[in-house]
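Numbering (the numbering used here), first residue to last: 248 to 507.
Below you can see the structure in the form of structure tokens.
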């Protein structure tokens, strides 16, 4: 009796769309290295799967863009709070009975008054004006040190840089509005993936030469490694959410789950 060799179950219905798309891309990358006919497939079969995997990847990027919009709002509010606190500290320092603090506050107030109300400007204007404010404040390091405000300025610099990074990522990850819903395309890709797996397992049994059987065996080993790594990533992500006090994690998946 010929031996069989099985590909692990992915349990990918538990994964986020982004992780699911990544799994699909990695599996396709490994399988596409094989001559299609040796695993009982055609080039057209793989091309059709790749097209659907690309659609899912685009859908995942679109969802990421939506999530980034929410992050952008949070980061913008953080910038606003830092700017407000900085301006208030400087204006209060002007009234200080300590001469050195009052003088430092007076000098810094001249600078920040130029940017009065920037928290309520448009996103583009606010970002640009914060950059200008930081440049001007970098010329006032002694006065900032006198008031102990250098750490606040660095907080603003960091928050603004993070805001710009999120905004850039969002722009790069926007996808077309015509993409099918993520759950639809991922279901289709799961069906294709499982069909491809069955063809590979059948090819392992029916292949004509030992060399080809070894090549298919090695392919199955690589696929199982990808699947196990993805399960581990999923479990680590869910554990982190639980530690952060977010949603309760989904049921953990075993990295060693056997074939159904």
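Just so you know, even glycine gets a beta-carbon here, dropped at the ideal spot from N, CA and C.
* Okay, do the stretch 276-292 and the stretch 325-342 touch, 3+ Cβ pairs below 8 Å being the bar? -> no
* Residue of 435, 391, 450 minimising C-alpha distance to residue 467 -> Minimum Cα distance to residue 467 is reached at 450.
* **residue 258 (DSSP reduced to helix, strand or coil)** => coil
* **Where the alpha helix (DSSP H) containing residue 456 begins and where it ends** => Where residue 456 is concerned, there is no enclosing alpha helix (DSSP H), given that its DSSP letter is neither H nor E.
* What's the C-alpha gap between residue 464 and residue 429? -> Computed Cα separation, rounded: 32 Å.
* So, using beta-carbon positions, are residue 413 and residue 318 closer together than 8 Å? -> Yes, the Cβ-Cβ distance between residue 413 and residue 318 is below 8 Å.
* Check residue 505 in the structure and name its three-state DSSP category. => The predicted model places residue 505 with a pLDDT of 41, which falls under 50 and marks its position as unreliable, so this point remains unresolved.
* Which of helix, strand or coil does DSSP assign to residue 354? -> helix
* Evaluate the contact criterion for the stretch 474-489 versus the stretch 263-271: three or more CB pairs, one atom per stretch, below 8 Å. => Below 8 Å, enough C-beta pairs join the stretch 474-489 and the stretch 263-271 to call them touching: three or more.
* Asked: Thinking just about the alpha-carbon of each residue, which of 277, 369, 387, 260 is nearest to the one in residue 462?
  -> The candidate whose alpha carbon is nearest that of residue 462 is 277.
* To do: Report all residues from its chain with a CB closer than 7 Å to the CB of residue 322; omit the five preceding and five following residues, and keep chain order.
  => Hits under 7 Å: 406, 409, 410, 413.
* **Contact belief for residue 301 with residue 354 at Cβ below 8 Å, rounded distance in angstroms** => About 57 Å; that fails the 8 Å criterion.
* Measuring CB to CB, does residue 377 end up less than 8 Å from residue 356? -> no
* Asked: Would the C-beta of residue 338 count as close to the ligand PLP, meaning under 7 Å from any of its heavy atoms?
  -> Looking for the ligand PLP in the displayed structure turns up nothing, as the structure carries no ligands at all.
* Looking at the unbroken alpha helix (DSSP H) that takes in residue 372, where does it start and where does it end? -> Residue 372 -> alpha helix (DSSP H) spans 370-384.
* Asked: Roughly how far, in whole angstroms, is the beta-carbon of residue 333 from the beta-carbon of residue 381, given that I think they are within contact range, below 8 Å?
  -> Not quite, the Cβ-Cβ distance comes to about 11 Å (not below 8 Å), so this is no contact.
* Asked: Rounded to a whole number of angstroms, what is the C-alpha to C-alpha distance between residue 401 and residue 386?
  -> 14 Å
* Whole-angstrom C-beta distance between residue 384 and residue 348, which should lie under 8 Å -> With 8 Å as the limit, residue 348 and residue 384 do not qualify as a contact, their Cβ atoms being about 17 Å apart.
* Hey, would you say residue 274 sits closer than 8 Å to residue 473, going by beta carbons? -> Result yes, Cβ atoms of residue 274 and residue 473 sit closer than 8 Å.
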